[in-house]
Every structure is written in C-alpha cells, then in structure tokens.
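Note sheet for the following structure.
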Amino acid sequence: MAADISSLVQKALAALKGDKSLLASFNADPVKAIEGIIGKDLPDETVKKVIEEVKKALADKGIKGIIAKIKALFCKK
1374 MAADISSLVQ
1384 KALAALKGDK
1394 SLLASFNADP
1404 VKAIEGIIGK
1414 DLPDETVKKV
1424 IEEVKKALAD
1434 KGIKGIIAKI
1444 KALFCKK
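This note's numbering puts the first residue of the sequence shown at 1374, with every later residue one more than the last.
In structure tokens form, the structure reads like this:
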C-alpha cells in the first residue's frame, strides 16, 4: 500500500509541477484535484495520505527554494 501511495504522490507532484492553475485547484479543493490527476475516485484514507504527502513535498520545495535564494545572496562566487 505504501508503494501505491508513493507512486500516486509522485504522479500528483509531476502534474502539479509548473501548472499554476492545477496548483490553485489543488489548494482550493485537494481531493478533487488529486482524483482528477489520478483519474479515478480513491478511498478516503488513501486520498488523505496522498494529499498529506503532496503538501509536505510542496512545503519542503518552497523552504528549500527560499534557503537557496538566501544562500545566493550571501555566498556570491
């Protein structure tokens, strides 16, 4: 089951990457967006886990991006 969640998360992140309208849809209604990306109705527990992991990944990406920008300001080559 964990492998299924992982593959669903990867598929969702790939679809959300660079698609601002889809990302806005995810932020407004994560369940509908994830099920739209996956292409089927998922069990409630599965979709909740996928949404949780996608949100974590997006938050980590945002934090890493901010840290990289700060480092670039202070660590000029």
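Quick reminder that beta carbons are idealized off the backbone N, C-alpha and C, glycines included.
Query	Result
In chain order, what residues of the same chain lie with their CB nearer than 8 Å to the CB of I1424, ignoring the 5 residues before and after it?	P1403, V1404 and I1407
The alpha helix (DSSP H) with K1453 in it runs from where to where?	No statement about residue 1453 is possible, as the shown extent of the chain runs from 1374 to 1450 and does not include it.
Run through DSSP, which three-state label would G1412 get?	coil
Indicate the three-state DSSP secondary structure (helix, strand or coil) for D1402 in the structure shown.	coil
In whole angstroms, what separates the C-alpha of A1385 from that of C1448?	34 Å
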